[in-house]
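Data first, discussion second: the structure below is written as structure tokens.
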Amino acid sequence: MTNIELFLTLLGLTFVFLGSLGLLRFPDIYCRAHALTKAMTFGIIGLLLAYATHIGWDEVGVKIIVIIFFQFTTIPLSGHLLGKIAFQKNIQRWKNKPIDDHRK
Amino acid sequence: MINTLLIGILAPLVLGPTLLLISPKLKNKLGWVAMLIPLISITSIVKVALSVYSHHAIKATTMGLEWIPNLGIDFSFLVDGVSLFFGLVVSVMGLLVVLYSKYYLHETVQDNGRFYCYLMLFMSAMLGTVFANNLIVLLVFWEFTGITSFLLIGFSHEKKESRTGALMAFVTTGLTGLLLLAGLILLTILFKTSDFSQIVSLIGENSLTTIFSPNQIPYLKAAMALILIGAFGKSAQFPFQYWLPNAMAAPTPVSAYLHSAAMVKLGIFLTVRMYPIFKTLSGWNETLLWVGFITMAIGGVFSFLSNDLKGILAYTTVSQLGFLIGFYGLGTLGLEHDFFQILNHVFYKGSLFMVAGIIIHSIGTKDIRKIGGLASVMPLTALTATIAGLSMAGIPGTMGFISKEIMVSKVLELVNVNGGGVYWIFPALLFISAMCLIATSLRFIYHCFYRKTQDGSLSVHKPKLVFQLPPFILSLGALFLGLFPESGGHILNQLNSGIHHVSPSHLAIFHGFNEPLLFGMSIIATGFILFAVAQSVNWRFTGIHKVLLFETHFLSMLNGIKLLGKQIGSKLNVDKQQNYLAIIISFFVISFWYIGFSTVTSNILPIFSLEYLETDTLHFVHLVAGSLLAISSICIIAARKTISKFIALSVTGFTVGFYFMLYKAPDLALTQMLIEAAALVLVLILFSKMPKTLKNQTDPIDYTSSGFKLIISIGFGAMMTSLILIATLPSSFKHMGKYFIDNTLSLAKGSNAVNTILVDFRGFDTMGEITVLVVATLGILGMLMNKKKSTGASDD
Amino acid sequence: MIDIYSLLMILPILGLLFCLIRIIKGPSVFDRVLSLDGIAVCIVSIMILLSMKWKTQLYLDLILIFCVLGFFSTVAFCYYLEKVYVSEKESND
Amino acid sequence: MTNTKSHILESVSRLIFLFIIIFSIYLFLKGHNQPGGGFIAGIAASIPLFLLAMSLGVSTVKRVLKVDSLTLAATGLIFAYGTAFVPTVLGYPFLFQKMIHTHVPILGELHIGTPVLFDLGVFMVVVGVSTKIIFSFLDVVNSKEKV
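Protein chains in written order, with my numbering: chain A, 47 to 150; chain B, 491 to 1286; chain C, 3 to 95; chain D, 34 to 180.
So this is what it looks like as structure tokens:
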């Protein structure tokens, strides 16, 4: 477990975790879509790179590149699609203003 | 020698359908071409006979080909006296019938090609049955005759009664054929071989009781009973005699061939065939005697009472068959001249049927009361009819008289051998049926030909001379053998010397004054008196009461079964589709738990001990995946909107795919995921079209009530879990996988066992699967097509 | 038994948990579809960790197919929702 | 209800259509030794077709496929039955799989065998069947107004 691998896996995993945390915590569908899809893509790509370094680039390099390419194109697209259709069906956006302790 | 025999038997089978192809070209000359086929069979049978015939005796030889070696069934044929006699009778009669039907079916009948084809198929079936040595081959051809007779009887299928006649014949002979199959298989099991000649050689001379232990005798008796029922069904004996008169709806050449010379003789052939096996078994002679003589009596009386021309002949055939079966019942006194009896019936009954055909052909009506004065129109047929009629009646000078003579002497011998008592019934039955036969034959001759024409309205056109030739030849045969029995007897005795081991007594017209002659003369006298009495009362009393006719009961039974089917059907079919699913699943659950608890409880128990689950390799991720699966399947039920149910469903799909990955099965995971996605797409497309609320139709049981669903789902779940646990039990089943994994590399040269199994080891199954896939798509397209057409009309 | 990879797996498992909570709570259907995609990605990440642990390349195709199918089912759901979805507001007025 | 088409979806599906087809052929070819095979590759190949059908409409996909998918399935069947029956003609037992080890100039050592043909048959059947069903349903769904 060279430390570059460790660093990449940790990076990836934190982003995957943060993505799902965003999914849980954010108020309306649009933010959740953004959080989930963008963060998770980055997380998965990090993980894949870590996996490639772990197994060794020459053996598995091409496949990893293809998979990364797929991840990169497809996952954000699903976020976009959902946002678009939610907007079409005019799901309510989050109305109330952000909490501002100082202003009060 | 085997291929000449095969040519003889299979030539009609192969060439028959070709007649169908060439029939449009040569319109009415097809008859001549069709006649070639029986000629081929005759020559090949004669050739085989000569090859087998050595120093005055037919040596029983078997010849055959491999068919199903591991079941011990081979396509083997037995050539001995019995099969040669029947084979020749069938093929010669076939030749005459084809010649006769060439004129009977004048060229207006456009599908005579079809007729000849069925006839040839029937002939090959008959030859196959007659020569068959292996019991299973015998049955195959036996059923084949049943099917072809169905086609022949129902030939003019536009008429209603020919359809019912064909159906009745087929159902009766078919069912009894099934019983015959059971009997033959029982025999094969008992003798541990399905080869007839081996069985006979196994028995040899000693009686069955010595070969088999006492507790096996009932099985032998059962086999005998089943085989006899098969024979009785085919030869229209007592309980099954109703189908023969109804089969008269067939064209007359068919009834001339099937119902006099060929098909009905199969029962008798089977009795002769099984005679060496069962002759020492008690009950064999008694059943034959009783059934035979009762049928004889019934046939005689019914023929005396019926008016329809072909009906009379049909009932006389039934009585004559009873006569022949009864004669075998007397078997203990030695089988003498049985072939002589059979030949007699073939000759005169064949010619009588053909005569009837000529009459119907020229006048058009079947009712004997309307026919009259035909002697002037067709003198040759009148002569044939008289000879054949007299032979049927058994008047001295014809073949019939001699066969009656033999029968009478045998019956009287039986009576004083068994010391009278109950045995007096048989001469009485013989007396009644012979008397009725004489009266009917006299009526047939006198009414049709020699009395003045009854109603002048019927236009009579003169049949061609060649048309009247075949019946004339047959009646000549009857007359010739009647006057000089010894010449025919000599040949026939050689034929049956193979099996019967009895030196037949001398055949002659006159055996001197003795009791049988007196008995015979008294029969003839009473016959003439009966005829005179009936003539005086002008046959008004004829016509058989409905309840006596068995066919009415048969038809009412058929309708009863149909009604029963309707009632059961209406109970089961439900309108809402979901209910079908509920029924199917509940059936599985019930049957599984019933079987599970009654039989398998012994090795089900280790499941619950759970100690064999390898818990060491269990990683906490397995637990996570398991809980995810559980939660999402609960979500499926909990979700309200259908779309959320789908989402929960696809979550379960993903998790199951993940599970397969956890257990290191990439192929499985891949397939699971892909199928999951494709199915999801399909379902979503469908649901985007599905109407929101399904109209709830009323059903006997509301299957979709939540209580019912709860029970079924719990049952189904429990069933699945126990099935999986049983399957993974280490001890329960021998693991087949090991074989594939071991030599997937060596045999199939591929290391991925899953794929090699799919493609190489079990390639045949995959072939089946992909065919099913394509057929299923065609089915779906079919539904979609007419859905598109119908939506235009009704928008349900 | 606990080595670095199984330790690291805790994070995607937590992610799975959050997506599950979102599915159960999720006000509108779109949240559920989104969390379905989230679950797919979490499962893929666990798979990658596992194949790292077992040091095999066998499961790379599976990972690819999982991603494609995750995306594909979202597209299928969107296709369906576009045709059928009637938000509660419209349906009850 | 505006029937807005998402241009991004169209372009992406056009883009990855090719890649997934190549991937499915890769899956198909390596089937004998590694996880893969006719059946899996078949469905993997039909997934992008569904994607295109959903985003660009069935007519364009039919144009892309040029040949009707049922004929595709039929040719698949012919392949499968061919590899099954041809050996019987040549005297080998039914469904006999022959392995050929040849040396191809460019590719080097080549171990190809008749199972691949059989697998190709399965591949075609699966693609033909799934696309035919889905497309005919899509036609029914898009053609008529709501029931």
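Heads up, the beta-carbon is just placed ideally off N, CA and C, and yes, glycines get one too.
Worksheet entry | Per DSSP, cross-strand counterpart(s) of B:F567 | Locating residue 567 of chain B in the second sequence gives position 77, where the first residue counts as 1. Looking at the DSSP assignment, B:F567 forms a beta bridge with B:M553, B:A622.
Fill in: Check whether A:L54 and A:A85 have beta carbons under 8 angstroms apart
What you label residue 54 of chain A is simply residue 8 of the first sequence in a count that begins at 1. What you label residue 85 of chain A is simply residue 39 of the first sequence in a count that begins at 1. No. Outside cutoff.
Worksheet item: Among all the DSSP beta bridges, which residues are the ones paired with B:V1114?
Response: By one-based count along the second sequence, residue 1114 of chain B stands at place 624. DSSP, once it has assigned bridges, lists no residue as partnering B:V1114.
Worksheet item: What is the DSSP secondary structure of B:L617, reduced to helix, strand or coil?
Response: The residue given as residue 617 of chain B occupies position 127 in the second sequence. It is helical.
Practice prompt. Just the chain C side, please: which residues come within less than 7 angstroms of B:L1170 by C-beta, in chain order?
Written response: On the second sequence, residue 1170 of chain B is found 680 positions in, with the first residue counted as 1. Neighbours of B:L1170 on chain C, chain order: S75, A78.
Discussion item. For a quick check, are the C-beta atoms of B:F702 and B:L710 less than 8 angstroms apart?
Written reply: By one-based count along the second sequence, residue 702 of chain B stands at place 212. By one-based count along the second sequence, residue 710 of chain B stands at place 220. Contact: yes.
Discussion item. When you compare the CB positions of C:C21 and A:L127, do they come within less than 8 angstroms of one another, or not?
Written reply: Residue 21 of chain C sits at position 19 when you count from the first residue of the third sequence. Residue 127 of chain A sits at position 81 when you count from the first residue of the first sequence. No. Outside cutoff.
Practice prompt. Tell me where the alpha helix (DSSP H) around B:L676 begins and ends.
Written response: For the purposes of this step, residue 676 of chain B is identified with residue 186 of the second sequence, where counting begins at 1. Its alpha helix (DSSP H) spans residues 650-681.
Worksheet item: By the criterion of Cβ-Cβ separation under 8 angstroms, what are the contact partners of B:M1163 in chain C?
Response: For the purposes of this step, residue 1163 of chain B is taken as residue 673 along the second sequence, with counting starting at 1. L64, I67, F68, L71, listed in chain order.
Worksheet item: For the candidate residues B:K900, B:G1116, B:P960, whose alpha-carbon lies nearest to that of B:F1009?
Response: Indexing the second sequence from 1 puts residue 1009 of chain B at position 519. When only C-alpha atoms are compared, the closest one is B:K900.
Worksheet item: Leaving out five residues before and five after B:F783 in sequence, what residues of the same chain have Cβ atoms less than 6 angstroms from its Cβ?
Response: As a working note, residue 783 of chain B is residue 293 in the second sequence. Only G816, F916, L919 meet the Cβ criterion.
Worksheet item: Taking 8 angstroms as the CB-CB limit, is B:F493 close to chain D?
Response: The sequence position of residue 493 of chain B within the second sequence is 3, counting from 1. First, the residue type needs correcting, since residue 493 of chain B is Asn and not Phe in the sequence shown. For B:N493, the answer is no, since every Cβ of chain D falls outside 8 angstroms of its Cβ.
Practice prompt. Let me know if B:L955 comes out buried or exposed under the rule of 16 or more other beta-carbons within 10 Å of its beta-carbon.
Written response: The sequence position of residue 955 of chain B within the second sequence is 465, counting from 1. Its Cβ having fewer than 16 others within 10 Å, B:L955 is exposed.
Worksheet item: In or out: B:E1005 buried (at least 16 other Cβ within 10 Å) or exposed?
Response: Taking the first residue of the second sequence as 1, we reach residue 1005 of chain B at position 515. With fewer than 16 Cβ atoms within 10 Å of its Cβ, B:E1005 is classed as exposed.
Discussion item. Does the contact criterion of 3 or more C-beta pairs under 8 angstroms hold for the region 688-705 of chain B versus the region 760-771 of chain B?
Written reply: yes
Worksheet item: For B:E695, which three-state DSSP category applies?
Response: Locating residue 695 of chain B in the second sequence gives position 205, counting from the first residue. Coil, per DSSP.
Discussion item. I'd like the span of the alpha helix (DSSP H) that includes C:L60, first residue to last.
Written reply: Working through the third sequence from its first residue, we reach residue 60 of chain C at position 58. Run containing C:L60: none; DSSP gives neither H nor E here.
Fill in: Whole-number beta carbon distance between D:L171 and D:A86, since they are thought to touch under 8 angstroms
Looking up residue 86 of chain D in the fourth sequence gives position 53. Looking up residue 171 of chain D in the fourth sequence gives position 138. Contact holds; Cβ gap of about 6 angstroms.
Worksheet item: How many whole angstroms separate the CB atoms of B:F1230 and B:Y732, which I take to be in contact at a CB cut-off of 8 angstroms?
Response: Numbered from 1 along the second sequence, position 740 holds the residue referred to as residue 1230 of chain B. Numbered from 1 along the second sequence, position 242 holds the residue referred to as residue 732 of chain B. Actually they do not touch by this definition, with Cβ atoms about 59 angstroms apart.
Worksheet item: Taking 8 angstroms as the CB-CB limit, is C:S8 close to chain A?
Response: Here the question's residue 8 of chain C lines up with position 6 in the third sequence. No - not a single Cβ of chain A is within 8 angstroms of the one on C:S8.
Worksheet item: In three-state DSSP terms, what is D:M132?
Response: In the fourth sequence, counting from the first residue as 1, residue 132 of chain D sits at position 99. Looking at D:M132 - three-state DSSP - the assignment turns out to be strand.
Practice prompt. Say whether chain A places a C-beta atom closer than 8 angstroms to the C-beta of D:V45.
Written response: Against the fourth sequence, residue 45 of chain D aligns to sequence position 12. D:V45 counts as touching chain A.
Worksheet item: Excluding sequence positions up to five away, which residues of its chain have a Cβ less than 8 angstroms from the Cβ of B:Y590?
Response: Looking up residue 590 of chain B in the second sequence gives position 100. If we look at B:Y590 and ignore the five residues flanking it on each side, its Cβ neighbours are P743, A746, M844, G847, F957, P960, P961.
Discussion item. Taking a contact to mean a Cβ-Cβ separation below 8 angstroms, would you say D:H136 touches B:K1239 in this structure?
Written reply: Residue numbering aside, residue 136 of chain D sits at position 103 when the fourth sequence is read from its first letter. Residue numbering aside, residue 1239 of chain B sits at position 749 when the second sequence is read from its first letter. It is not a contact, given that the beta carbons lie outside the stated cut-off.
Discussion item. Once DSSP output is grouped into helix, strand and coil, what is the label at B:L561?
Written reply: Translated into positions along the second sequence, residue 561 of chain B becomes position 71. Looking at B:L561 - three-state DSSP - the assignment turns out to be helix.
Worksheet item: With C-beta atoms as the reference, is B:L716 less than 8 angstroms away from B:A672?
Response: For the purposes of this step, residue 716 of chain B is taken as residue 226 along the second sequence, with counting starting at 1. For the purposes of this step, residue 672 of chain B is taken as residue 182 along the second sequence, with counting starting at 1. For B:L716 and B:A672, yes; Cβs fall inside 8 angstroms.
Worksheet item: Enumerated in chain order, which unbroken segments of the beta strand (DSSP E) with a length of 3 residues or greater are wholly contained in the region 1214-1274 of chain B?
Response: none
Item to complete: Could you work out which residues of chain C lie near D:P68, taking near to mean beta carbons separated by less than 9 angstroms?
Response: Within the fourth sequence, the letter at position 35 stands for residue 68 of chain D. By Cβ distance, chain C contributes L60, Y61, D63, L64.
Discussion item. Taking the straight line between their C-alpha atoms, what separation do you get for C:E84 and A:I131?
Written reply: Position 82 of the third sequence, counted from the start, is the residue given in the question as residue 84 of chain C. Position 85 of the first sequence, counted from the start, is the residue given in the question as residue 131 of chain A. If I take the Cα positions, the gap works out to 7 angstroms.
Item to complete: Check whether the Cβ of D:I49 lies closer than 8 angstroms to any Cβ atom in chain A.
Response: What you label residue 49 of chain D is simply residue 16 of the fourth sequence in a count that begins at 1. Output row for D:I49: interface = yes.
Fill in: Stretch-stretch touch, CB-based, cutoff 8 angstroms, three pairs: the region 966-977 of chain B with the region 876-894 of chain B
yes
Worksheet entry | Residue span of the alpha helix (DSSP H) that contains C:I12, given as start and end | In the third sequence, counting from the first residue as 1, residue 12 of chain C sits at position 10. Residues 12-27.
Item to complete: Can you give me the start and stop residues for the beta strand (DSSP E) that D:G124 sits inside?
Response: Here residue 124 of chain D is taken as the residue at index 91 of the fourth sequence, counted from 1. From DSSP, D:G124 is part of no beta strand (DSSP E); its letter is neither H nor E.
Item to complete: Write down the C-beta distance between B:T666 and B:F612 rounded to the nearest angstrom, noting that I regard them as a contact closer than 8 angstroms.
Response: Position 176 of the second sequence, counted from the start, is the residue given in the question as residue 666 of chain B. Position 122 of the second sequence, counted from the start, is the residue given in the question as residue 612 of chain B. Contact doesn't hold; Cβ gap of about 18 angstroms is too wide.
Item to complete: Return yes when the Cβ of B:V1249 is within less than 8 angstroms of the Cβ of D:P148, no when it is not.
Response: Reading the fourth sequence from its first residue, position 115 is the one you call residue 148 of chain D. Reading the second sequence from its first residue, position 759 is the one you call residue 1249 of chain B. Yes, Cβ-Cβ distance for D:P148 and B:V1249 is below 8 angstroms.
Discussion item. Am I right that B:Y838 and B:M882 are in contact with their C-beta atoms under 8 angstroms? What's the rounded C-beta distance?
Written reply: One-based indexing of the second sequence puts residue 838 of chain B at position 348. One-based indexing of the second sequence puts residue 882 of chain B at position 392. Yes, B:Y838 and B:M882 are in contact; Cβ-Cβ is about 5 angstroms, under 8 angstroms.
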